[in-house]
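Enquirer: Residue numbers (this note's numbering): 15 to 321. Just so it is clear, CB atoms sit at the ideal spot from N, CA and C, and this is done for glycine as well. All values reported here derive from a predicted model rather than from experimental measurement.
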């Protein structure tokens, strides 16, 4: 037993020394820039930051409701901390400052000219691939790609979002349709969960505009009655479980997902949604290569990025 504790203590000490050495190296690098910097134990882009965020949001919920922003000790650990903190950090450290942790350096800016310059020099300011790997459950995409691969994704994804594509009309029409249906349900007086209803409303709009599949989300769409041949879940159930467990899917390996999300809902949802995406990709590929006219309005807007 003593040897086990000795091994644990030795390992912990080595990890601590490694973290301290890393932090010292990044602090030296930050000093060479001449910019103000602040030290934090964890950056918001680290996995520990993702895990700590929901806990800290729950713990400081009443504090945030007062409009005082985040406590300084944990401010930069919180994913998207600036939404609640507003300009407080920039008032403390300036329009441009660095945040340093044992895992790296992050630059925050409230300078519009600097932001414009960075966004227009993509080849000089590339994304750190190790930080964005988390966002690739289905492979590289427009949010994670760089260089020629990024340009390839943009050529495919940009046209559907253009004003001439009609996608804005589709989103607006579907939003009106789904909102009216939601209002009808609420008018019946039954007790409902506002957060769940708004989440399902958003899901239905995204499904129609993004995948060409209308969702009847107020019915029991996940009860198995609308599962097409070759699929284990309905499209509603697949996309609902995928979005519901998205954080766990991005952060945890498959074997651990089964243990933490109850009856493997996240894994089944992820696999089921992957099957729908693959099927849609094959369908679109054959339609385009055969130059077949798309049969309906929503088919036109299925994102060709799925190919």
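Taking the beta carbon of residue 166 as the centre, do at least 16 other beta carbons fall within 10 Å, making it buried, or is it exposed?
Expert: Position 152 of the chain shown, counted from the first residue, corresponds to residue 166. Per the 10 Å Cβ criterion, exposed.
Enquirer: Report the partner residues of residue 226 according to the DSSP bridge assignment.
Expert: Here residue 226 refers to the residue found at position 212 of the chain shown. Answer by DSSP bridge pairing: none, since residue 226 is not bridged.
Enquirer: Please name the residue, chosen from 219, 266, 128 and 243, that lies closest to residue 253 on a Cα-to-Cα basis.
Expert: On the chain shown, position 239 is the one that residue 253 refers to. Out of 219, 266, 128 and 243, 219 has the C-alpha closest to the C-alpha of residue 253.
Enquirer: Relative to the C-alpha of residue 260, which candidate in 287, 71 and 106 has its C-alpha closest?
Expert: One-based indexing of the chain shown puts residue 260 at position 246. Closest option to residue 260, Cα to Cα, is 287.
Enquirer: Check the DSSP bridge columns for residue 123 and list the partner residues they point to.
Expert: In the chain shown, counting from the first residue as 1, residue 123 sits at position 109. In DSSP, residue 123 forms a bridge with 110.
Enquirer: List the whole-angstrom C-beta distance separating residue 163 from residue 154, where the pair is believed to meet the contact cut-off of C-beta under 8 Å.
Expert: Taking the chain shown and counting its residues from 1, the one referred to as residue 163 is at position 149. Taking the chain shown and counting its residues from 1, the one referred to as residue 154 is at position 140. About 6 Å; that satisfies the 8 Å criterion.
Enquirer: Quick one: using the 10 Å Cβ neighbour count with 16 as the cut-off for buried, is residue 56 buried or exposed?
Expert: Position 42 of the chain shown, counted from the first residue, corresponds to residue 56. That one is buried.
Enquirer: Taking Cβ to Cβ, would you say residue 148 is nearer than 7 Å to residue 51?
Expert: For the purposes of this step, residue 148 is identified with residue 134 of the chain shown, where counting begins at 1. For the purposes of this step, residue 51 is identified with residue 37 of the chain shown, where counting begins at 1. Not closer than 7 Å, so no.
Enquirer: Rounded to the nearest angstrom, what separates residue 237 and residue 142 at their Cα positions?
Expert: Stepping through the chain shown from its first residue, residue 237 is reached at position 223. Stepping through the chain shown from its first residue, residue 142 is reached at position 128. Low confidence applies to residue 237: its pLDDT is 48, below 50, so where it sits in the model is not reliable enough to give any reading.
Enquirer: CA-CA distance, residue 22 and residue 82?
Expert: Working through the chain shown from its first residue, we reach residue 22 at position 8. Working through the chain shown from its first residue, we reach residue 82 at position 68. If I take the Cα positions, the gap works out to 40 Å.
Enquirer: Just how far apart, CA to CA, sit residue 38 and residue 116?
Expert: Along the chain shown, read from residue 1 onward, the residue named residue 38 stands at position 24. Along the chain shown, read from residue 1 onward, the residue named residue 116 stands at position 102. Residue 38 and residue 116: Cα-Cα distance of roughly 8 Å.
Enquirer: What three-state label does DSSP hand residue 203 in the structure shown?
Expert: Residue numbering aside, residue 203 sits at position 189 when the chain shown is read from its first letter. In this structure, residue 203 counts as coil in the three-state DSSP scheme.
Enquirer: Drop a sphere of 10 angstroms on the beta-carbon of residue 58, count the other beta-carbons inside from all chains shown, and report buried for 16 or more, exposed for fewer.
Expert: Here residue 58 refers to the residue found at position 44 of the chain shown. By the 10 Å Cβ count, residue 58 comes out buried.
Enquirer: For a test of the three-state rule: what should DSSP assign to residue 179, helix, strand or coil?
Expert: Locating residue 179 in the chain shown gives position 165, where the first residue counts as 1. Residue 179 falls in the helix class under three-state DSSP.
Enquirer: Check whether the Cβ atoms of residue 174 and residue 181 sit closer than 7 Å, and answer yes or no.
Expert: For this step, residue 174 is matched to residue 160 along the chain shown. For this step, residue 181 is matched to residue 167 along the chain shown. In contact: residue 174 and residue 181 (Cβ atoms closer than 7 Å).
Enquirer: Report the rounded CA-to-CA distance for residue 229 versus residue 282, giving the unit in angstroms.
Expert: Within the chain shown, the letter at position 215 stands for residue 229. Within the chain shown, the letter at position 268 stands for residue 282. If I take the Cα positions, the gap works out to 19 Å.
Enquirer: In whole angstroms, what is the alpha-carbon distance linking residue 134 and residue 76?
Expert: Here residue 134 refers to the residue found at position 120 of the chain shown. Here residue 76 refers to the residue found at position 62 of the chain shown. Looking at the two C-alpha atoms, the distance is approximately 40 Å.
Enquirer: Just to confirm my understanding: we take residue 146, look at its own chain, exclude 5 residues before and 5 after, and list those with CB closer than 6 Å. What are they?
Expert: The residue given as residue 146 occupies position 132 in the chain shown. So the list reads 158, once near-sequence residues are dropped.
Enquirer: The alpha helix (DSSP H) that contains residue 164, what's its start and end?
Expert: Numbered from 1 along the chain shown, position 150 holds the residue referred to as residue 164. Where residue 164 is concerned, the enclosing alpha helix (DSSP H) stretches over 161 to 171.
Enquirer: With distances taken between CB atoms, is the gap from residue 95 to residue 84 smaller than 7 Å?
Expert: Locating residue 95 in the chain shown gives position 81, counting from the first residue. Locating residue 84 in the chain shown gives position 70, counting from the first residue. The answer is yes: Cβ separation under 7 Å.
Enquirer: In angstroms, rounded to a whole number, what distance separates the CA positions of residue 139 and residue 132?
Expert: Translated into the one-based positions of the chain shown, residue 139 becomes position 125. Translated into the one-based positions of the chain shown, residue 132 becomes position 118. C-alpha separation (whole angstroms): 6 Å.
Enquirer: Enumerate, from N- to C-terminal direction, the unbroken alpha helix (DSSP H) stretches of 4 or more residues contained entirely within the segment 27 to 97.
Expert: Segments of the alpha helix (DSSP H) lying fully in the segment 27 to 97: 61 to 73 and 75 to 79.
Enquirer: Pop quiz: residue 196 and residue 215 are said to be a contact at Cβ under 8 Å. What is the actual Cβ separation, rounded to whole angstroms?
Expert: Within the chain shown, residue 196 is the residue found at index 182, counting from 1. Within the chain shown, residue 215 is the residue found at index 201, counting from 1. Sure, about 6 Å apart at Cβ, within 8 Å.
Enquirer: Under 7 Å between the Cβ atoms of residue 119 and residue 35?
Expert: What you label residue 119 is simply residue 105 of the chain shown in a count that begins at 1. What you label residue 35 is simply residue 21 of the chain shown in a count that begins at 1. Against a cut-off of 7 Å, the Cβ pair of residue 35 and residue 119 comes out as no contact.
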